[in-house]
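Enquirer: Here it is, the structure, as structure tokens.
There are 2 protein chains.
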Amino acid sequence: MHKEESIDHHLRATWQAVSKMYNEQATKHDSTMATAFVLLSIDYENGTPSTSLGPHMGMEATSLSRILKNMEDKGVIYREKNPQDGRGVLIKLTEFGKEKRAFAKKVVLRFNNVVKANVTNEQLKNFFEVMRVINTLIGKNAFYDTKKV
Amino acid sequence: MHKEESIDHHLRATWQAVSKMYNEQATKHDSTMATAFVLLSIDYENGTPSTSLGPHMGMEATSLSRILKNMEDKGVIYREKNPQDGRGVLIKLTEFGKEKRAFAKKVVLRFNNVVKANVTNEQLKNFFEVMRVINTLIGKNAFYDTKKV
Numbered sequence: 001m002h003k004e005e006s007i008d009h010h011l012r013a014t015w016q017a018v019s020k021m022y023n024e025q026a027t028k029h030d031s032t033m034a035t036a037f038v039l040l041s042i043d044y045e046n047g048t049p050s051t052s053l054g055p056h057m058g059m060e061a062t063s064l065s066r067i068l069k070n071m072e073d074k075g076v077i078y079r080e081k082n083p084q085d086g087r088g089v090l091i092k093l094t095e096f097g098k099e100k101r102a103f104a105k106k107v108v109l110r111f112n113n114v115v116k117a118n119v120t121n122e123q124l125k126n127f128f129e130v131m132r133v134i135n136t137l138i139g140k141n142a143f144y145d146t147k148k149v
Numbered sequence: 150m151h152k153e154e155s156i157d158h159h160l161r162a163t164w165q166a167v168s169k170m171y172n173e174q175a176t177k178h179d180s181t182m183a184t185a186f187v188l189l190s191i192d193y194e195n196g197t198p199s200t201s202l203g204p205h206m207g208m209e210a211t212s213l214s215r216i217l218k219n220m221e222d223k224g225v226i227y228r229e230k231n232p233q234d235g236r237g238v239l240i241k242l243t244e245f246g247k248e249k250r251a252f253a254k255k256v257v258l259r260f261n262n263v264v265k266a267n268v269t270n271e272q273l274k275n276f277f278e279v280m281r282v283i284n285t286l287i288g289k290n291a292f293y294d295t296k297k298v
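Residue numbers (our numbering), protein chains in the order written: chain A, 1 to 149; chain B, 150 to 298.
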């Protein structure tokens, strides 16, 4: 099998290309893609518990806490005691953070809208279906050889 | 737009899930996914010029040279003067590296074959087509707002 035909190769190369493009756009705003994802993951009005951000983003706790520290220093987020959970902390957007979030949202929407305008509904449906199948198979451990290679 | 419907979200989450699965399999062999990708990118018999590995893998020079140093220490690769280029270096597989490469190839083939067995040709064709469209649009800078948001 030639690499150009392989599913994992396409997934990896395409995601790398998209994240490079996202990072380029973020750089123009003195930001990064990871920061933009955090901004988009925080509830606009009520903030989001710090503990639920990591799992939501598929990010490790140490990477996330480094990013949050940096975002706090830049004044886009602040921490507040969670009224629903005495020991918990809410991550909330500052006004500046809300502006940055609006920009990140614009970039993400533009990406999705431009792609959708250039493929058919059928192609998009099948694209999502293949993704769904891959995730389901991973969930079922379908890629592990029980004979332990 | 709900995030579950967004193309970039699916791409990112699916690639993260695949790379987590690849890393888990690599860990069992005291390796990493990045190492496995390097092994698969080296020509089995003739080796590969060190300068062509980075671009091929979409990896930055500093990350790649750290990985290559580590792989040399583990005895899976060695460096040799490139007979075609006096100043160049070839990265070649040791016998142990060839064994490791065979395992990595098995894991990648298994992933691709299991996915292909679980989707239709039409679905796969459309999956590749959407990827192709995304890469083409990125190449044309279609996601940058000329009005500079």
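Even glycine gets a Cβ: it sits at the ideal position worked out from N, Cα and C.
(1) May I ask which residues mark the beginning and end of the beta strand (DSSP E) holding Glu-80 of chain A?
(2) For the beta strand (DSSP E) holding Lys-241 of chain B, just list the boundary residues, first then last.
(3) Using a Cβ-Cβ cutoff of less than 6 Å, which residues in the same chain neighbour Gly-54 of chain A once the five nearest sequence positions on both sides are dropped?
(4) Give me the residue from B:Arg-215, B:Met-208, B:Lys-247, B:Gln-233 with the minimum Cα distance to Val-225 of chain B.
(5) When every heavy atom of the ligand ATP is checked, does at least one fall within less than 7 Å of the C-beta of Leu-40 of chain A?
(6) Mapping the DSSP letters down to three states, classify Thr-48 of chain A as helix, strand or coil.
(7) Taking the alpha-carbon positions, what's the Glu-221 of chain B to Ser-190 of chain B distance?
(8) Quick one: Cα of Val-167 of chain B to Cα of Lys-81 of chain A, how far?
(9) DSSP three-state call for Ala-162 of chain B: helix, strand or coil?
(10) Indicate the three-state DSSP secondary structure (helix, strand or coil) for Gly-54 of chain A in the structure shown.
(11) I'd like to know if the region 167 to 182 of chain B and the region 16 to 31 of chain A are in contact, where contact means that at least 3 CB-CB pairs between them fall below 8 Å.
(12) In chain order, what residues of the same chain have a beta carbon less than 6 Å from the beta carbon of Gly-88 of chain A, not counting five sequence neighbours either side?
(13) Is there a C-beta anywhere in chain B that falls below 8 Å from the one on Thr-62 of chain A?
(14) Got a sec? Which residues, its chain only, sit under 7 Å from Phe-252 of chain B by beta carbon, not counting five neighbours each side?
(15) Could you name the residues of the same chain whose beta carbon sits closer than 7 Å to that of Leu-124 of chain A, not counting the 5 residues immediately before and after it, in chain order?
(16) Please decide whether Leu-11 of chain A counts as near chain B, where near means a Cβ-Cβ distance under 8 Å.
(17) Apply the 10 Å Cβ neighbour rule to Asn-275 of chain B and answer buried if 16 or more other Cβ atoms are within range, or exposed otherwise.
(18) Count the other C-beta atoms from every protein chain shown that fall within 10 angstroms of the C-beta of Gln-84 of chain A, then say buried if there are 16 or more, exposed otherwise.
(19) Output needed in chain order: residues of the region 257 to 272 of chain B with a Cβ under 7 Å from some Cβ in chain A.
(20) Give me the residue from B:Val-282, B:Ile-283, B:Asp-192, B:Thr-269 with the minimum Cα distance to Lys-254 of chain B.
(21) So for Met-131 of chain A, helix, strand or coil by DSSP?
(22) When the cut-off is 8 Å and only beta carbons count, does Glu-278 of chain B lie next to chain A?
(23) How many Å lie between Arg-281 of chain B and Thr-120 of chain A at the Cα?
(24) Could you spell out the range, first to last residue, of the alpha helix (DSSP H) harbouring Ser-214 of chain B?
Expert: Answer, in terms of the structure:
(1) Along the first sequence, one-based indexing puts residue 80 of chain A at 80. That run of the beta strand (DSSP E) goes 77 to 82.
(2) The sequence position of residue 241 of chain B within the second sequence is 92, counting from 1. Looking at the DSSP string, the run of the beta strand (DSSP E) that includes Lys-241 of chain B is 234 to 242.
(3) Residue numbering aside, residue 54 of chain A sits at position 54 when the first sequence is read from its first letter. So the list reads Ala-61, Leu-64, once near-sequence residues are dropped.
(4) For the purposes of this step, residue 225 of chain B is taken as the residue at position 76 of the second sequence. Residue B:Lys-247 is the option with its Cα nearest to Val-225 of chain B.
(5) Ligands in the displayed structure: none, and consequently the ligand ATP is not present.
(6) As a first step, residue 48 of chain A must be located in the first sequence, where it is residue number 48. Three-state DSSP puts Thr-48 of chain A in a strand.
(7) The sequence position of residue 221 of chain B within the second sequence is 72, counting from 1. The sequence position of residue 190 of chain B within the second sequence is 41, counting from 1. Each residue's Cα considered, the two are about 15 Å apart.
(8) Taking the second sequence and counting its residues from 1, the one referred to as residue 167 of chain B is at position 18. Taking the first sequence and counting its residues from 1, the one referred to as residue 81 of chain A is at position 81. Each residue's Cα considered, the two are about 36 Å apart.
(9) Taking the first residue of the second sequence as 1, we reach residue 162 of chain B at position 13. Note: Ala-162 of chain B maps to helix in three-state DSSP.
(10) The residue you call residue 54 of chain A lines up with position 54 of the first sequence. Gly-54 of chain A falls in the helix class under three-state DSSP.
(11) no
(12) The sequence position of residue 88 of chain A within the first sequence is 88, counting from 1. Contacts found: Pro-49, Asn-82.
(13) Residue numbering aside, residue 62 of chain A sits at position 62 when the first sequence is read from its first letter. It does not; no Cβ of chain B falls within 8 Å.
(14) Position 103 of the second sequence, counted from the start, is the residue given in the question as residue 252 of chain B. If we look at Phe-252 of chain B and ignore the five residues flanking it on each side, its Cβ neighbours are His-178.
(15) Along the first sequence, one-based indexing puts residue 124 of chain A at 124. So the qualifying residues of the chain are Lys-116.
(16) Counting from 1 along the first sequence, the entry for residue 11 of chain A is found at position 11. Leu-11 of chain A counts as touching chain B.
(17) In the second sequence, the residue the question calls residue 275 of chain B occupies position 126. Buried is the call here.
(18) On the first sequence, position 84 is the one that residue 84 of chain A refers to. Gln-84 of chain A is exposed by the Cβ-count criterion.
(19) Val-257, Leu-258, Arg-259, Phe-260, Asn-261, Val-263, Val-264, Asn-267, Val-268, Glu-271, Gln-272
(20) The residue labelled residue 254 of chain B in the question sits at position 105 within the second sequence. Residue B:Asp-192 is the option with its Cα nearest to Lys-254 of chain B.
(21) As a position in the first sequence, residue 131 of chain A is number 131, starting the count at 1. Note: Met-131 of chain A maps to helix in three-state DSSP.
(22) If you number the second sequence from 1, residue 278 of chain B lands on position 129. Interface residue, yes.
(23) The residue given as residue 281 of chain B occupies position 132 in the second sequence. The residue given as residue 120 of chain A occupies position 120 in the first sequence. Between Arg-281 of chain B and Thr-120 of chain A, the C-alpha separation is close to 13 Å.
(24) The sequence position of residue 214 of chain B within the second sequence is 65, counting from 1. DSSP places Ser-214 of chain B inside the alpha helix (DSSP H), whose first and last residues are 210 to 222.
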